[in-house]
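This is how it looks when you write it as structure tokens:
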């Protein structure tokens, strides 16, 4: 009897361990998972249900993915057409190893699971070499599930920082995976951060944008966007990660994203037909 009881206890511990691996916001994430953060006072927590469903925040979704023999990971995606999402490539790299992906619908207030036959993944370059290639598209082919997710999309613009947008604020929206970082107990909380475009730096040789905005794990793939005078919302880049001070920018106080230049836009247009 004692031996059977021991087996039951071991089984319960193993099950709890597996469940703990799939907690959407791991409480054991250290504060170091936030990068270049002297202050979070400029964070706008989009926790109000009505605000989440308004433009442009209804175009930004929480995203999870699971590869074979790995735990779930969490990131951010955004719509750039009625059936295509944009994100960072490192979130969906080695697509043949993906078991499934999930997208959180703020309108249905739940996660919607997409199996491998319900989406397609496209990479900017065949091989993943260099941070400047850290960009990917996800096309949702299941139209029924798409209805629960799509409420509008960003317009894609090339050379955004060269189009005299200094008078606009540039924003990065995402889902940081650290509860205490946003003082919120909400399971899936969207956070928006904005600053003047004059503080953004461009590395045209590496096709990267640098910005002094506090970013955390989970923000990967988040859209870099601004609102034009006519009310349109334009995406000019995708958040990639922290500045390694090796290839991108001399200023280590910048986080970095992939810049949508003319070449990247042409690739996007070839898929968003």
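In our numbering, the protein residues as written are 297 to 569. Think of the CB as a built atom: it goes at the ideal place given N, C-alpha and C, for glycine as much as any other residue. If you're wondering where the values come from, they're calculated on a predicted model, not measured in any experiment.
Beta bridge counterpart(s) of residue i as assigned by DSSP
{"i": "residue 262", "result": "This structure does not reach residue 262, given that the chain is present from 297 up to 569, and the question cannot be answered."}
{"i": "residue 375", "result": "381"}
{"i": "residue 522", "result": "530"}
{"i": "residue 510", "result": "DSSP output for residue 510 lists no bridge partner at all."}
{"i": "residue 452", "result": "531"}
{"i": "residue 425", "result": "None; residue 425 has no bridge partner."}
{"i": "residue 409", "result": "398"}
Cβ neighbours of residue i in the same chain (closer than 8 Å, five flanking residues each side left out)
{"i": "residue 453", "result": "459, 530, 531, 532, 556 and 561"}
{"i": "residue 444", "result": "401, 403, 404 and 408"}
{"i": "residue 497", "result": "505, 506, 507, 545, 547 and 550"}
{"i": "residue 464", "result": "493, 522, 523 and 524"}
Backbone secondary structure at residue i - three-state DSSP
{"i": "residue 434", "result": "strand"}
{"i": "residue 339", "result": "coil"}
{"i": "residue 416", "result": "strand"}
{"i": "residue 492", "result": "strand"}
{"i": "residue 325", "result": "Because the pLDDT of residue 325 is 35, which lies under 50, any placement of that residue in the model is unreliable, and the number read from its coordinates should be weighed accordingly. Residue state, collapsed to three classes: coil."}
{"i": "residue 566", "result": "helix"}
{"i": "residue 559", "result": "helix"}
{"i": "residue 348", "result": "helix"}
{"i": "residue 500", "result": "coil"}
{"i": "residue 554", "result": "strand"}
Neighbourhood of residue i by C-beta, 6 Å cutoff - its chain only, sequence neighbours within 5 removed
{"i": "residue 340", "result": "488"}
{"i": "residue 352", "result": "529"}
{"i": "residue 536", "result": "384, 427, 430, 552, 553 and 554"}
{"i": "residue 441", "result": "408"}
{"i": "residue 377", "result": "449 and 568"}
Sequence-distant residues of its chain with Cβ nearer than 7 Å to residue i (five each side left out)
{"i": "residue 509", "result": "468, 489, 491 and 551"}
{"i": "residue 528", "result": "451"}
Nearest to residue i (by Cα), restricted to the options the options
{"i": "residue 386", "options": "414, 415, 352 and 423", "result": "423"}
{"i": "residue 434", "options": "363, 379 and 447", "result": "379"}
{"i": "residue 371", "options": "563, 523, 513 and 567", "result": "513"}
{"i": "residue 565", "options": "382, 368 and 356", "result": "382"}
{"i": "residue 568", "options": "486, 417 and 471", "result": "417"}
{"i": "residue 366", "options": "348, 358, 390 and 500", "result": "390"}
{"i": "residue 517", "options": "374, 342 and 526", "result": "374"}
Contact with chain D by residue i, beta-carbon distance below 9 Å
{"i": "residue 386", "result": "Among the chains of the structure shown, chain D does not appear; only one protein chain is present."}
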